[in-house]
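Residue numbers (the numbering used here), protein chains in the order written: chain F, 17 to 293; chain B, 106 to 505. Ideal placement from N, C-alpha and C gives every residue a C-beta, glycine not left out.
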Ligand SMILES: Cc1ncc(COP(=O)(O)O)c(C=O)c1O
């Protein structure tokens, strides 16, 4: 069983939801990332999504766009992101690690070289924003053959048929983009998410992580409760941006926010779990 | 005649190129667009409305003009100009926006967005939006806003909102990124009119089909005027819509050479250019696989060209396919050479071309003398130079 599948199974058994932070590798500088990852695990996260910066992040809002620009200014690249992952794994063999980015850096490396390198770096999942399953068969097959989960997105306008397609193509988990918009947008509507999740659940048995637009502990808790996990991205990266002069402060701010989310999610889950029993 | 050319396949692939590489939220609207397009492509009522608009609103057919003096001066092939510069709004871009706007209307969309480089596509989009009473937002790189300010004013006059894009290289590719972000956010009511044969399927095929009127007319006009097919077609290539529009109806006519002219900026060897077919590599950007200007890590490289409309790191996927199969040839012309083409056409024929089109003119100046006097070149004069007056005057040190 993959690290991701095992993680979601263990969480489900404990009646808990996955807290999944997203940060862009190399932002604000390459040395920041590995210690930040360890600190986030310390703060109680379950899975880490590591963003590969790209020059043209079409699905991202301004916060993650700027994170990409900062990372690229330090010559961060897909290869260097894999080096960061390898470094992280030296002292953490437990936490599932997903890399998330756009297709062109993978195309430039070549699908097979990339799959091999990702396996060597002990990556657990790969989410490629602009690679839908129609175009992604070759890449997915190479990843799956190496025990790496290809992770696909679902959107508010995804049909039943589409959800079933993702269920067939993906593994590990599905990532539900909770609003029509780019990352960091501010109009998340939890009752819409609730309705959509019913439709998604009816069409897949894969765990569903929900992301886009989650900024605070209370929303994280509400949203996590509707699925199997919650992804926090722009809210964390904003802390980096607010403290460019003081990365240590950024790190502690990020950990504070994640710890608050963890606490909110766990108190809720425990009581609910208790009631159910 | 070559065997039947039937590209793309039903998933939008031209061999390994093209396709539908977009984030999940855009899959449903793209599928809807494709369905609507397939439906209306063969709908007599739609076609009649489109033909009427092209005739009475755009001013088609555009003439095929024999540039006799210039041909004589160059001493080789007979040069014919396809006069897309005479269209309403001054370029070929309107052929496509009229078509897509009719689709938008039939699909019940109330809001139009577009990206633009030189501003010609933005103007052509704002124009059709004004005519249909639709809200219109045009994304334009901040660099291009500055160098094509006349077109910015035209768009505003037409009632469009022009958004200056400050991210990345602040040119056409960044405008496209921002338009895609808008579309993801407003998918329900918004129709995205892409201005060239780029983007995810069905855009490359759809924009080609709307632009193919250029080649269909040119073929008929050439036969009427000379009794035969041309020997070569020459067109500038930014995203590649005016070029594919001219080439497409001739693809099966093997005797006709197809030559696309990319922008070499300071020269391909300097790295400061916009010539992905001549000096790029295959990759994926803006929804399709094609030749791109990217570095070894797959990051997109900044492009350079004197003409905003050619300043783009990618190119339509069908051109990538035509290049690989050898059916078309792609060459490049530097900024300085393009300026020579600009002045030559202006002084020889009394026609001021757009700086984009001037690249095709400059290559024609190299090609024509190598050909016989009874041979024929059709050059696509994709747009007029009015929008470039400020750029040109500034180069000459004149304040307008
Ligand atoms: C006059 C003119 N020609 C050519 C182009 C390049 O576009 P394409 O290669 O799609 O024809 C532009 C784009 O702005 C243009 O304005």
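Out of the options, which one is the CA nearest neighbour of residue i?
i	options	result
residue 221/B	176/B, 497/B, 386/B and 343/B	343/B
residue 218/B	414/B, 376/B and 285/B	285/B
residue 294/B	446/B, 213/B, 384/B and 340/B	213/B
residue 259/B	232/B, 468/B and 421/B	232/B
residue 306/B	504/B, 135/B and 120/B	135/B
residue 20/F	235/F, 223/F and 146/F	223/F
residue 115/F	206/F, 123/F, 136/F and 140/F	140/F
residue 506/B	279/B, 341/B and 292/B	The structure shown does not extend to residue 506/B, since chain B spans only 106 to 505, so no value can be given for it.
residue 340/B	422/B, 290/B and 319/B	319/B
residue 48/F	171/F, 122/F, 260/F and 194/F	260/F
residue 483/B	243/B, 287/B, 119/B and 331/B	331/B
residue 238/F	153/F, 211/F, 280/F and 64/F	280/F
residue 176/B	463/B, 254/B, 454/B and 502/B	454/B
residue 469/B	178/B, 234/B, 229/B and 372/B	178/B
residue 57/F	209/F, 36/F, 73/F and 18/F	36/F
Report buried or exposed for residue i, applying the criterion of at least 16 other Cβ atoms within 10 angstroms of its Cβ.
i	result
residue 62/F	buried
residue 325/B	exposed
residue 143/B	exposed
residue 109/F	exposed
residue 107/F	exposed
residue 203/F	exposed
residue 192/F	buried
residue 410/B	buried
residue 251/F	buried
residue 174/B	exposed
residue 456/B	buried
residue 200/B	buried
residue 153/B	exposed
residue 230/F	buried
residue 290/F	Unreliable positioning characterises residue 290/F in this predicted model, as indicated by a pLDDT of 42, which lies under 50. A coordinate reading is not provided.
residue 219/F	buried
residue 161/B	exposed
residue 271/B	exposed
residue 292/F	Reliability fails at residue 292/F, whose pLDDT of 41 lies under 50, so the model's placement of it is uncertain and no value is given.
residue 177/F	exposed
residue 428/B	buried
residue 505/B	exposed
residue 353/B	buried
residue 120/F	buried
residue 275/B	buried
residue 485/B	buried
residue 106/B	Here the model assigns residue 106/B a pLDDT of 40, short of 50, so the residue's position is not dependable and the matter cannot be decided.
Residues in the same chain with beta-carbon distance under 8 Å from residue i, minus the five sequence neighbours each way, listed in chain order, please.
i	result
residue 131/F	155, 158, 159, 161, 162 and 164
residue 400/B	406
residue 244/F	24, 27, 28, 33, 34, 189, 223, 224 and 225
residue 158/B	203 and 207
Using a Cβ-Cβ cut-off of 7 Å (strictly less than) and excluding sequence neighbours within five positions of residue i, which residues of its own chain qualify?
i	result
residue 304/B	391, 392 and 393
residue 48/B	Residue numbering for chain B in the displayed model covers 106 to 505; residue 48/B lies beyond these limits and cannot be assessed.
residue 92/F	41, 42, 46 and 69
residue 432/B	356 and 363
residue 253/B	223, 224, 413 and 492
Can you name, in chain order, every residue of its own chain whose Cβ lies under 6 Å from the Cβ of residue i, other than the five neighbours on each side?
i	result
residue 83/F	40, 43 and 253
residue 414/B	222, 223, 343 and 461
residue 78/F	none
residue 450/B	456, 458 and 466
residue 322/B	166
residue 336/B	480 and 481
residue 255/F	266, 269 and 270
residue 119/B	112, 113, 422, 423 and 426
residue 463/B	443, 446 and 447
residue 273/B	279
Exercise for review: Determine, using beta-carbon pairs with one atom in the segment 176-187 of chain B and one in the segment 466-482 of chain B, whether at least three such pairs fall under 8 Å.
Suggested key: yes
Review point. Can at least three beta-carbon pairs, one atom from the segment 127-141 of chain B and one from the segment 403-417 of chain B, be found at a separation below 8 Å?
Key: no
Exercise for review: Examine the Cβ distances between the segment 84-103 of chain F and the segment 303-317 of chain B and report whether three or more of them are shorter than 8 Å.
Suggested key: Contact annotation: the segment 84-103 of chain F does not touch the segment 303-317 of chain B, with fewer than three C-beta pairs closer than 8 Å.
Practice item. Give a yes or no on contact between the segment 188-195 of chain B and the segment 326-346 of chain B, applying the rule of three or more CB pairs nearer than 8 Å. Key: no
Point to revise | the segment 433-447 of chain B / the segment 160-173 of chain B touching (three or more Cβ pairs under 8 Å) | key: Under the three-pair Cβ rule at 8 Å, the segment 433-447 of chain B does not count as touching the segment 160-173 of chain B.
Point to revise | Any 3 or more C-beta pairs closer than 8 Å across the segment 249-269 of chain B and the segment 366-384 of chain B | key: no
Review point. Taking one C-beta from the segment 333-351 of chain B and one from the segment 494-503 of chain B each time, how about it: are there three or more such pairs within less than 8 Å?
Key: Verdict: no, contact absent.
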